[in-house]
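Quick note: to get the numbering used here, add 69 to the position in the sequence shown (first position is 1). Where a beta carbon is used, it is the ideal one built from N, C-alpha and C, also for glycine. Only a predicted model underlies this, so the values are computations on that prediction, with no experimental measurement involved.
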Amino acid sequence: MSYRIAVRALCEFSAKAGDLDLRFTPSPSAQEGIAGHRVVSERRGERYEREIALAGHYVHLEVRGRADGYDPDANRLEEIKTHRGDLARQPANQRALHWAQAQVYGHLLCLARGLDQLTVTLVYFDIASQRETPLSQQCSACELREVFETHCQRFLAWAQQELAHRRRRDAALVALNFPFADFRAGQRELAEAVYKATHTRRWLLLQAPTGIGKTLGTLFPMLKAMPGEPLDRVFFLTARNTGQQLALEALEQLGARPLAESAADTQASAPAPAEPASGDAAAALPLRVLTLTAREKACEHLDKACHGEACPLAAGFYDRLPAARSAAAERGWLDRAGLRAVALEHQVCPYYLGQEMSRWADVVVADVNYYFDLHAQLYALTLQQQWQVGILVDEAHNLVERGRGMYTATLDHAAFRRLVPQLPAPLKRPLARVAAAWQDLAEQLDDAHGERDYRVLEHLPGKLIAALQQAVSRIVEYQSEQPIALDGELQRFSFEAQHLCRVAETFASHSLCDLTRQPARGRQRRAGATLTLRNVMPAPFLAARFAAAHGGTLFSATLSPQGYFRDLLGVPDTAPWLALGSPFAAGQLEVSIATRLSTRYAHRAASLDPLVARIAARFHQRRGNYLAFFSSFAYLEQVAERLAERHPEVVQWRQAARMDDAARASFLARFESGGAGVGFAVLGGIFGEGIDLPGERLIGAFVATLGLPQVNPVNEQMRERLQALLGNGYDYAYFYPGMQKVVQAAGRVIRTASDRGVIELLDDRFAQPRARALLPTWWPEPRLD
Ligand code: SF4
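The following block contains the structure:
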């Protein structure tokens, strides 16, 4: 069996040495890189060959790649690299990596064409000045072969253990049994649907209710499909951290965590929910499982910059990486704590070790942005390495909002204006150009129609974006000269400006470009304006990411109506949509709709007494724990205060606008079995989904809002754009997102087959047929009163 590897991946493995150093990055965007390559190759003569596919073998390695260009007249192979900033500041190890790539291509070209010598040239193309800097070496075919063989030898031992790991892994997955004696009701159907979708290389939209065991029910078939397809990697992507924990627990139930490690932890944690069917689940499954964690959480030196002069875990990173990588691969179970332990033992950065291990893990558990966003690492690796990946997206209803966020960019004018007086001298001029262009733009809010607080621009503000691009180049150059991290405000502005420039490259009708007035503050005489490139429909971006996967499943308890998700997410037309029945019975739940109560903004004051009366009556009818959901903190406070006044005997606790992890935990801890009280929360907030309060911990929910987003100029523009693009503006901008939040929140009540509870929908609009059509089908007929 041979091991196939791309030239780039081979060299990244074997030719990197010394410090981790990101000062010469960020490199140009992908689009700038492609444009730069095109400019260089168009400058060449007619006989110039471009994108030459090459391959070669060494023992059982198969090395493939595409050389950028070859000039047969000069017998010169060119490897083109685009860059920003002063080339003299490029770290030596980055240059060495580029030479390694060029030389390996050189060997493959000599082999293919029977050449006995070659000029190998690195062409550095400066994006800003459009100037080329060529660096050349005269090489004999023998020298190039030696370079190639050296790199292959460095990789060979790793390739051998990778092949052996893959054989072990696939054999274990073929033999893998479901870890419990029986599937839960509906879980087998779920597992079969996931397996079939993966096997037929499709995406599946799966609406599966609570209680079915979705995490295990999707992971198990995906892993079973791995050897046969074959899949290189599985990505389990979530919109919330709680989903990641559930995925790790399911993988542990399947035996992926080494026994010694899990035994130490499980002594302190709750027992598994059901007995394993046999000894199979206890047998270790040789699966490398990696959790990817954001830099802010994984970094050990948040006050430092990511290079060897500043951070001890970046100094000599690549020299210590081989040992750390081997230790991490051997450990296999790389949750946040596991990865950190390996990293610190080998004195390398845990965050960047995690990035490295995403190349070698079998299952990666991560936030959805690692695959779907503009700079997504897992998506880039999938394309570069030509992986076959199977993807599971948990709580996929969140992908609409999360997807919009990934392709939206905002620049805060007030923060920028605070930054300007403190700028270091070399940045004053480029940022003054930004300031002037931005102020001109802010003044567009005042026009013949008077002053406005919000305005959608028909076109991108070209002058400001050009100034931002130049400023970003200058900041990157300046940053590369600094031994310590940039000032926090400047760093933040730099990241935001880079993101905005990249979003601007893809701007089209799927997005709005808008300005929002910011009042003048302090000594400022003129108002400012926040600039936002606001994605409305993420489908065009996400579609490419769906297409790059072998197959996958988007699953959630709320994926209705399917057209809404298909249109906004860009799921392939071939993706089937499946709704599974609930394992719960209508008899477990009582649902009522208050048909004489309105929570519309104009009726809020009048709604307080009836709401309080209903909450108190229900509480006295059956004492226990309830959740009450409202559309805003202001409304929540009004009702809670009125309840405290009229019914001080009803114990209550309230969600606050900002809650840290401890405050969240203490809110949830109030829901004790045998307790009695009302927790007040905001619909669509942190307690509206993703929390599990089974049995007596929660016996009912009041939902005093349809969850409709606020009618404001931004949402109205979204509605208009969705109407123009998809013909369903109001439902897509307001009604469906609102009702999803309602169903998610109400779904907190019944979590197991033995739960009993009530849901009170407190607004007359819930009685309308179009609202009732979006309620779960297993619910009993609501009582109208
Ligand atoms: S520890 Fe923090 S500062 Fe150091 S390299 Fe890692 S992420 Fe960068």
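C-alpha gap between residue i and residue j, whole angstroms
i                 : j                 : result
glutamine 424     : leucine 361       : 8 Å
leucine 356       : valine 605        : 39 Å
proline 248       : glutamine 322     : 6 Å
threonine 202     : isoleucine 755    : 53 Å
glutamine 813     : arginine 77       : 45 Å
alanine 343       : glutamine 314     : Annotation note: pLDDT 41 at alanine 343 (below 50); position unreliable, no value reported.
glutamate 258     : leucine 649       : 8 Å
glutamate 115     : threonine 188     : 19 Å
alanine 210       : valine 128        : 19 Å
glycine 816       : arginine 669      : 23 Å
aspartate 388     : arginine 153      : 27 Å
alanine 478       : glycine 743       : 47 Å
arginine 727      : phenylalanine 702 : 11 Å
serine 563        : leucine 533       : 14 Å
glutamine 229     : methionine 70     : 10 Å
valine 747        : arginine 739      : 9 Å
threonine 287     : proline 299       : 17 Å
tyrosine 72       : threonine 279     : 42 Å
phenylalanine 736 : glycine 531       : 48 Å
Beta-carbon gap between residue i and residue j smaller than 8 Å
i                 : j                 : result
arginine 788      : glycine 776       : no
alanine 383       : valine 411        : no
tyrosine 681      : valine 708        : According to the sequence as given, residue 681 is valine; it is not tyrosine. For valine 681 and valine 708, yes; Cβs fall inside 8 Å.
cysteine 368      : tyrosine 439      : no
leucine 705       : phenylalanine 749 : yes
threonine 307     : aspartate 481     : no
arginine 487      : tryptophan 402    : no
proline 849       : alanine 655       : yes
leucine 537       : valine 503        : yes
phenylalanine 653 : alanine 842       : no
serine 427        : leucine 371       : no
alanine 685       : leucine 712       : yes
leucine 273       : threonine 575     : no
glutamine 539     : proline 490       : no
phenylalanine 699 : valine 751        : yes
serine 651        : glutamine 276     : no
Bridge-paired residues (DSSP) for residue i
i              : result
isoleucine 460 : Phe304, Gly621
lysine 150     : Tyr193
glutamate 829  : Ser661, Phe771
cysteine 582   : Leu526, Leu602
proline 203    : Val192
valine 433     : Phe304, Leu359
tyrosine 723   : It is arginine, not tyrosine, that sits at residue 723 in the sequence shown. For arginine 723, which the question treats as bridged, DSSP gives the partners Phe749.
Contact test: residue i Cβ vs the ligand SF4 heavy atom, cutoff 7 Å
i             : result
tyrosine 420  : yes
arginine 364  : yes
alanine 383   : yes
glutamate 261 : no
leucine 89    : yes
lysine 810    : no
histidine 415 : no
cysteine 380  : yes
glutamate 369 : yes
lysine 85     : no
cysteine 36   : Residue 36 lies beyond the residue range present for the chain, which begins at 70 and ends at 854; the question has no answer from this structure.
cysteine 375  : yes
Cβ-based neighbour list, residue i, same chain, cut-off 7 Å, excluding 5 preceding and 5 following
i             : result
aspartate 761 : Arg820
leucine 390   : Val417, Glu425
glutamine 587 : His482, Ala483, Ala596, Gly597, Ala598, Thr599
aspartate 296 : Note on residue identity: the sequence assigns proline, not aspartate, to residue 296. Contacts found: Asp239, Leu242, Val243.
serine 676    : Leu666, Ser667, Thr668
Contact set for residue i: own chain, Cβ-Cβ below 8 Å, skip 5 residues either direction
i                 : result
glycine 826       : Gln657, Leu658, Glu659, Leu767, Ile768, Gly769, Ala770, Val818, Ile819
lysine 150        : His167, Leu191, Val192, Tyr193, Phe194
arginine 271      : Gly620, Pro641, Thr643, Ala644, Pro645
phenylalanine 224 : Ile74, Leu79, Phe82, Ser83, Leu130
proline 778       : Asn784, Ala802, Tyr803, Pro806, Gly807
glycine 377       : Gly87, Asp88, Leu89, Asp90, Ala383, Ala384, Gly385, Phe386
Own chain, CB closer than 6 Å to residue i, minus 5 neighbours either side, in chain order
i              : result
proline 607    : Gly472, Arg473, Tyr476
tryptophan 456 : Asp301, Arg302
aspartate 140  : Tyr117
threonine 846  : none
aspartate 636  : Leu795
Minimum Cβ-Cβ distance from residue i to chain C less than 8 Å
i             : result
glutamine 172 : Judged by its chain identifiers, the structure shown contains no chain C, having just a single protein chain.
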